[in-house]
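Structure first, commentary second.
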């Protein structure tokens, strides 16, 4: 992931980089669940679910694949556009979380991997969670992940792109 981020132009990220349906998620903001989970309001299920812990609740509700059906298939064109979408969405959501909760505890996890299809196009997933001292990390050994490019991103990390 480090190499992808270093070779992708991520200057001037803005809401224009975010697909409309994800921009609407950002605009609706954040909520707290009954268990204290920090979740994107627009992604909350109508009926509350049962989760093993807050981490599972947050990552289940907040995790989504980023829209990519409209992107070109050629990797040299697709990758930078997909990365920009992910990072713009991450920044907007983390900024909104800080406004809502008054802190920067929410972290984003961005993963890029190749779809298990004939075309094997690069796809992405973004989720958000709040690391907790009494719950295992979302991705325990981030540097050891080999089947995807993964990054943990804080609001502070975003300041380097803007």
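Numbering (our numbering), first residue to last: 1 to 162. Glycine is no exception: its CB is placed at the ideal position from the N, C-alpha and C atoms.
Quick one: Cα of residue i to Cα of residue j, how far?
{"i": "residue 52", "j": "residue 154", "result": "25 Å"}
{"i": "residue 147", "j": "residue 113", "result": "7 Å"}
{"i": "residue 217", "j": "residue 4", "result": "Since the first and last residues shown for the chain are 1 and 162, residue 217 lies out of range."}
{"i": "residue 123", "j": "residue 71", "result": "10 Å"}
{"i": "residue 29", "j": "residue 144", "result": "32 Å"}
{"i": "residue 6", "j": "residue 13", "result": "15 Å"}
Using a Cβ-Cβ cutoff of less than 6 Å, which residues in the same chain neighbour residue i once the five nearest sequence positions on both sides are dropped?
{"i": "residue 25", "result": "40, 42"}
{"i": "residue 125", "result": "65, 111"}
{"i": "residue 80", "result": "8"}
By the 10 Å Cβ neighbour count, where 16 or more other Cβ atoms means buried, how is residue i classified, buried or exposed?
{"i": "residue 127", "result": "buried"}
{"i": "residue 69", "result": "exposed"}
{"i": "residue 15", "result": "exposed"}
{"i": "residue 117", "result": "exposed"}
{"i": "residue 2", "result": "exposed"}
Tell me which same chain residues have a C-beta within less than 7 Å of the C-beta of residue i, skipping the five on either side of it?
{"i": "residue 73", "result": "119, 121"}
{"i": "residue 23", "result": "15"}
Which residues in the same chain as residue i place their Cβ atom closer than 8 Å to its Cβ, once the five residues preceding and following it in sequence are excluded?
{"i": "residue 10", "result": "83, 84, 87, 161"}
Output the boundary residues of the beta strand (DSSP E) element that contains residue i.
{"i": "residue 32", "result": "30-32"}
{"i": "residue 18", "result": "Premise fails: residue 18 is in no beta strand (DSSP E) and is neither H nor E."}
Could you give the residue range of the alpha helix (DSSP H) that holds residue i?
{"i": "residue 84", "result": "75-101"}
{"i": "residue 2", "result": "2-7"}
### Message
If contact is defined by three or more beta carbon pairs under 8 Å, each pair taking one atom from either stretch, is the region 137-149 in contact with the region 87-104?
### Response
no
### Task
Spell out a yes or no on whether the region 99-108 and the region 27-40 are touching, meaning 3 or more CB-CB pairs, one atom from each, closer than 8 Å.
yes
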